[in-house]
């Protein structure tokens, strides 16, 4: 069983920054990839970024160059540093992982970017 808890969301002006955290339970955390997704009102959930167990990273084109995903295995935590935020980044942000074929999602954290 894996539990994921996001934090760090909030209200920020366009051009500002936020850092999201995804804290995971479970000793196998370091062996798994973790991804961030987001969902804006009326939209489908979309993938944002992934970090592998080897700390390889990949980003959606919409956030490349502005967002950075990282992990601290000692703290079982994955971060999403978001810079130069835009109003279109407004969404609920979720972290996700898959362990032994089971899908795990956090409860989400709201990010609102005002223009």
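Numbering (the working numbering), first residue to last: 133 to 247.
Even for Gly, the Cβ is constructed at its ideal location relative to N, Cα and C.
Contact between the segment 171 to 178 and the segment 134 to 149 is not established, with fewer than three Cβ pairs separated by less than 8 Å.
Pairing residue 225 with residue 158 gives a Cβ-Cβ distance that is not under 8 Å. Taking C-beta atoms as the reference points, residue 155 and residue 166 fail to come closer than 8 Å.
Residue 180 and residue 192 have their alpha carbons spaced roughly 5 Å apart.
Apart from the 5 residues on each side of it in sequence, residue 240 sits with its Cβ closer than 7 Å to the Cβ of 138, 224, 225, 226 in its chain, given in chain order.
Pairing residue 198 with residue 175 gives a Cβ-Cβ distance that is not under 8 Å. Residues of the same chain with a CB within less than 8 Å of the CB of residue 243, apart from the 5 flanking positions on each side, are 141, 142, 144, 150, 152, 170, 214, 217, 221, 222, 223, 224, 225 in chain order.
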